[in-house]
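*Asks:* Anchor point for the sequence shown: position 164 equals 193 in the working numbering, and the numbering is continuous, going up by one each time.
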Amino acid sequence: MFDDKYQFTCVDRFLKYVKIDTQSDEESTSFPSTEKQKDLSKALAEELKQMGLKDAHMDEWGYVMATLPANTDKNVDPIAFLAHVDTSPAVSGKDINPVINKNYQGGDIPLKNGGWVIKVSDNPELKDMIGYDIITTDGTTLLGADNKAGVAEIMDAVNYWLSHPEVKHGTIKICFTPDEEVGRGTEKIDLKKLGAKYGYTVDGSAKGELESETFSADMMVIKFIGKNIHPGYAKGQMINSIKIGSTFIDSLPKDKLSPETTDKREGYVHCTAFNGNEELTTLKFIIRSFVTADLKEYEKMLKELAEKTVEKYPGSKVEIEVIEQYRNMKEMLDKHPMVEANALEALKRLKIEPIMHPIRGGTDGSRLSFMGLPTPNIFAGEHSFHSQLEWVAVQDMHDAVKYIIEIAKVWEEKS
Ligand SMILES: [Zn+2]
Numbered sequence: 030m031f032d033d034k035y036q037f038t039c040v041d042r043f044l045k046y047v048k049i050d051t052q053s054d055e056e057s058t059s060f061p062s063t064e065k066q067k068d069l070s071k072a073l074a075e076e077l078k079q080m081g082l083k084d085a086h087m088d089e090w091g092y093v094m095a096t097l098p099a100n101t102d103k104n105v106d107p108i109a110f111l112a113h114v115d116t117s118p119a120v121s122g123k124d125i126n127p128v129i130n131k132n133y134q135g136g137d138i139p140l141k142n143g144g145w146v147i148k149v150s151d152n153p154e155l156k157d158m159i160g161y162d163i164i165t166t167d168g169t170t171l172l173g174a175d176n177k178a179g180v181a182e183i184m185d186a187v188n189y190w191l192s193h194p195e196v197k198h199g200t201i202k203i204c205f206t207p208d209e210e211v212g213r214g215t216e217k218i219d220l221k222k223l224g225a226k227y228g229y230t231v232d233g234s235a236k237g238e239l240e241s242e243t244f245s246a247d248m249m250v251i252k253f254i255g256k257n258i259h260p261g262y263a264k265g266q267m268i269n270s271i272k273i274g275s276t277f278i279d280s281l282p283k284d285k286l287s288p289e290t291t292d293k294r295e296g297y298v299h300c301t302a303f304n305g306n307e308e309l310t311t312l313k314f315i316i317r318s319f320v321t322a323d324l325k326e327y328e329k330m331l332k333e334l335a336e337k338t339v340e341k342y343p344g345s346k347v348e349i350e351v352i353e354q355y356r357n358m359k360e361m362l363d364k365h366p367m368v369e370a371n372a373l374e375a376l377k378r379l380k381i382e383p384i385m386h387p388i389r390g391g392t393d394g395s396r397l398s399f400m401g402l403p404t405p406n407i408f409a410g411e412h413s414f415h416s417q418l419e420w421v422a423v424q425d426m427h428d429a430v431k432y433i434i435e436i437a438k439v440w441e442e443k444s
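1) Going by Cα to Cα distance, which pick from 200, 384, 403 is closest to residue 393?
2) Where does residue 82 sit, in a helix, a strand or coil, going by DSSP?
3) Taking the Cβ atom as the reference point for each residue, do residue 81 and residue 223 lie within a distance shorter than 8 Å?
4) On the DSSP bridge list, what partners appear for residue 227?
5) Can you determine whether any heavy atom of ligand 1 sits closer than 7 Å to the C-beta of residue 208, and answer yes or no?
6) Let me have the residue list for ligand 1: C-beta closer than 5 Å to any non-hydrogen atom, ordered along the chain.
7) I need the boundaries of the beta strand (DSSP E) containing residue 317, first residue and last residue.
8) Using only the alpha-carbon positions, how far apart do residue 137 and residue 418 sit?
9) Would DSSP call residue 253 helix, strand or coil?
10) Beta-carbon separation of residue 115 and residue 51 under 8 Å?
11) Flag this pair as touching only if the stretch 96-112 and the stretch 141-157 have three or more C-beta atom pairs under 8 Å; answer yes or no.
12) Looking at residue 43: is its Cβ nearer than 8 Å to the Cβ of residue 235?
13) Taking C-alpha atoms, which residue in 355, 433, 240 lies nearest to residue 202?
14) CB-CB under 7 Å to residue 183, same chain, minus the five flanking residues each way: which ones, in chain order?
15) Using beta-carbon positions only, say whether residue 378 and residue 442 come within less than 8 Å of one another.
16) Report yes or no: do the stretch 332-350 and the stretch 363-376 share at least 3 C-beta pairs separated by less than 8 Å?
17) Would you mind listing the beta strand (DSSP E) stretches within the stretch 127-191 that are 3+ residues and don't spill past its ends, in chain order?
18) Residue 34: which of 213, 67, 193, 297 sits nearest, CA to CA?
19) Under a Cβ-count criterion, where at least 16 other Cβ atoms within 10 Å of its own Cβ denotes burial, should residue 264 be classed as buried or exposed?
20) With distances taken from CA atoms, which of 121, 54, 262 is nearest residue 170?
21) Short check: CB of residue 328 to CB of residue 315, under 8 Å?
22) Can you name the start and end residues of the alpha helix (DSSP H) that residue 438 belongs to?
23) Could you tell me whether the stretch 241-257 touches the stretch 352-359, where touching means 3 or more Cβ pairs closer than 8 Å?
24) Going by the DSSP bridge assignment, what does residue 245 pair with across the sheet?
25) Cβ atoms of residue 318 and residue 324: under 8 Å apart, would you say?
26) Locate the alpha helix (DSSP H) running through residue 305, then write down its first and last residues.
27) Where in the stretch 327-413 do unbroken runs of the alpha helix (DSSP H), each at least 4 residues long, occur, reported from the N-terminal end onward?
28) Where residue 405 and residue 256 are concerned, what is the direct C-alpha to C-alpha distance, given to the nearest angstrom?
29) Taking only the alpha-carbon atoms, compute the straight-line gap between residue 31 and residue 225 and give it to the nearest angstrom.
30) Terminal residues of the continuous alpha helix (DSSP H) containing residue 205?
31) If residue 61 and residue 90 are in contact, beta carbons under 8 Å, what's the gap, nearest whole angstrom?
32) Taking DSSP's pairing of strands, which residues face residue 87 in a bridge?
33) Using the beta-carbon count (16 or more within 10 Å), is residue 36 buried or exposed?
34) Roughly how many angstroms separate the alpha carbons of residue 211 and residue 331, rounded to a whole number?
And the structure:
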């Protein structure tokens, strides 16, 4: 049983962590993309060390790792809990002033500045939160609950384990990563050093969320090569690649296979960039499906449409490159069913209704799963990511801490 007298520390920690600006940067080519992420990572490593985790440290890339040694005689697989320290480049994460709305009584929540309102119609979860304490922004920044709520919850779980040695667990690995929001969170991670067999990212939304299925993803770069000539002498000679690109875009299916025409389990192809001049027009596509084999089908379709397009512009050429991005983590998790089963069992013991739906996107866990660390995503209580409307409920954060503890307990008992 969870110690009901336990004084949670996650909210105090959270309010402290969000004060440190850790916004990542999509344009940057360095790693981590912004040095300031290390300000928080360094502080976390120091905190873990002071709590007694002797090997706690931050490496040169900004990854924080630490070990909570096992306190059981059983042979339990080491499991890792992971969260990312960076916040989204979409909205400023500097000078965050969180507002705690104590004892929420229902209805929309207007923010102090900017005319922002957290609406119940957009956040149906609020209906279950009467009496809860809801943390919001003051309307000028994002909140950073994504993923500092997860960071704080993991830190609190460590605090709980250390103050409750009677709670048996195997080896627990803690890992805080940079640059998740710019899709590079696993780029420099040393999994060997981490030494975990399975992982859980604590970066989900509503209480009960357990995400074990993501898109499979490729990127496709299509280059149309035309021919440039001074426009004054271009008759019969110029081939304007911008027009080739436009013709190609116009040939795409209009009522299917795009983000704006699909949902649930449907995949899509999506043009994210179109840059060109007369000579060269480059289009970037992201290709998405829950079924990895579909990607090849979609890519074939685009290739054929592109080839048909250049046929209409004699003398032009097309070059196509496919770049693998990530794969549906379910393919890996299905090979290690206990990772999901134990997480479900822990929800059941806490009497929390599981919420499981496929993510129409990727997580660090998708990449980690294919790098050899099967890693589903569990709830952290974060809502309305990447915006001024971000919020998190104190009581959800407490439940997330309990959930982390319970997962480790289940692993110990089932070993
Ligand atoms: Zn996140």
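Heads up, the beta-carbon is just placed ideally off N, CA and C, and yes, glycines get one too. These numbers were taken from a predicted model, which means no experiment stands behind them.
*Replies:* Here's the rundown:
1) As a first step, residue 393 is located in the sequence shown; it is residue number 364 there, counting from the start. When only C-alpha atoms are compared, the closest one is 403.
2) Numbered from its first residue, the sequence shown carries residue 82 at position 53. Residue state, collapsed to three classes: coil.
3) Counting from one through the sequence shown, the residue named residue 81 turns up at place 52. Counting from one through the sequence shown, the residue named residue 223 turns up at place 194. With respect to residue 223, residue 81 sits apart: the two C-beta atoms are not nearer than 8 Å.
4) For the purposes of this step, residue 227 is identified with residue 198 of the sequence shown, where counting begins at 1. The bridge partners DSSP lists for residue 227 are 108.
5) Start at 1 with the first residue of the sequence shown, and residue 208 comes out as number 179. No - ligand 1 has no heavy atom lying nearer than 7 Å to the Cβ of residue 208.
6) Near ligand 1, meaning a beta-carbon closer than 5 Å to one of its heavy atoms, we find 175, 176, 232.
7) Along the sequence shown, one-based indexing puts residue 317 at 288. Element bounds for residue 317: 309-318.
8) The residue you call residue 137 lines up with position 108 of the sequence shown. The residue you call residue 418 lines up with position 389 of the sequence shown. Cα to Cα, residue 137 sits roughly 11 Å from residue 418.
9) Locating residue 253 in the sequence shown gives position 224, where the first residue counts as 1. Three-state result, residue 253: strand.
10) Position 86 of the sequence shown, counting from 1, holds the residue named residue 115. Position 22 of the sequence shown, counting from 1, holds the residue named residue 51. Yes.
11) Because the criterion of three Cβ pairs below 8 Å is not met, the stretch 96-112 and the stretch 141-157 do not touch.
12) Against the sequence shown, residue 43 aligns to sequence position 14. Against the sequence shown, residue 235 aligns to sequence position 206. Remark: C-beta atoms of residue 43 and residue 235 do not approach each other more closely than 8 Å.
13) Counting from one through the sequence shown, the residue named residue 202 turns up at place 173. For residue 202, the nearest C-alpha among the options comes from 433.
14) In the sequence shown, residue 183 corresponds to position 154, counting from 1. The residues are 110, 112, 203, 231, 433.
15) Here residue 378 is taken as the residue at index 349 of the sequence shown, counted from 1. Here residue 442 is taken as the residue at index 413 of the sequence shown, counted from 1. No, the Cβ-Cβ distance between residue 378 and residue 442 is not below 8 Å.
16) Verdict: no, contact absent.
17) With a minimum length of 3 residues, the continuous beta strand (DSSP E) runs that stay inside the stretch 127-191 are 128-130, 163-165.
18) In the sequence shown, the residue the question calls residue 34 occupies position 5. Between residue 34 and the set 213, 67, 193, 297, the nearest pair of CA atoms involves 193.
19) The residue given as residue 264 occupies position 235 in the sequence shown. Its Cβ having fewer than 16 others within 10 Å, residue 264 is exposed.
20) Start at 1 with the first residue of the sequence shown, and residue 170 comes out as number 141. For the residues 121, 54, 262, the minimum Cα distance to residue 170 belongs to 121.
21) Numbered from 1 along the sequence shown, position 299 holds the residue referred to as residue 328. Numbered from 1 along the sequence shown, position 286 holds the residue referred to as residue 315. Cβ distance not < 8 Å, so residue 328 and residue 315 don't count as in contact.
22) Taking the first residue of the sequence shown as position 1, residue 438 is located at position 409. Run containing residue 438: 423-443, per the alpha helix (DSSP H) assignment.
23) The answer is yes - the stretch 352-359 touches the stretch 241-257, with three or more Cβ pairs under 8 Å.
24) Here residue 245 corresponds to residue number 216 of the sequence shown, with the count starting at 1. According to DSSP, residue pairing for residue 245 in a beta bridge involves 318.
25) Within the sequence shown, numbered from 1, the residue matching residue 324 stands at position 295. Within the sequence shown, numbered from 1, the residue matching residue 318 stands at position 289. In contact: residue 324 and residue 318 (Cβ atoms closer than 8 Å).
26) Residue 305 sits at position 276 when you count from the first residue of the sequence shown. For residue 305, no alpha helix (DSSP H) segment is defined; the enclosing uninterrupted segment is the beta strand (DSSP E) at 297-305.
27) Fully contained in the stretch 327-413 are the following alpha helix (DSSP H) runs of length 4 or more, in chain order: 359-362, 366-378, 393-400.
28) Against the sequence shown, residue 405 aligns to sequence position 376. Against the sequence shown, residue 256 aligns to sequence position 227. Their Cα atoms are separated by approximately 49 Å.
29) Within the sequence shown, the letter at position 2 stands for residue 31. Within the sequence shown, the letter at position 196 stands for residue 225. It is roughly 25 Å from the alpha-carbon of residue 31 to the alpha-carbon of residue 225.
30) Numbered from its first residue, the sequence shown carries residue 205 at position 176. That residue, residue 205, is in no alpha helix (DSSP H); its beta strand (DSSP E) goes 201-206.
31) Taking the sequence shown and counting its residues from 1, the one referred to as residue 61 is at position 32. Taking the sequence shown and counting its residues from 1, the one referred to as residue 90 is at position 61. Residue 61 to residue 90, Cβ: 7 Å. Contact.
32) Counting from one through the sequence shown, the residue named residue 87 turns up at place 58. Note: residue 87 sits in a beta bridge opposite 93.
33) Taking the sequence shown and counting its residues from 1, one reaches residue 36 at position 7. Counting Cβ neighbours within 10 Å, residue 36 comes out exposed, since fewer than 16 surround it.
34) Position 182 of the sequence shown, counted from the first residue, corresponds to residue 211. Position 302 of the sequence shown, counted from the first residue, corresponds to residue 331. Taking C-alpha positions only, residue 211 is separated from residue 331 by approximately 26 Å.
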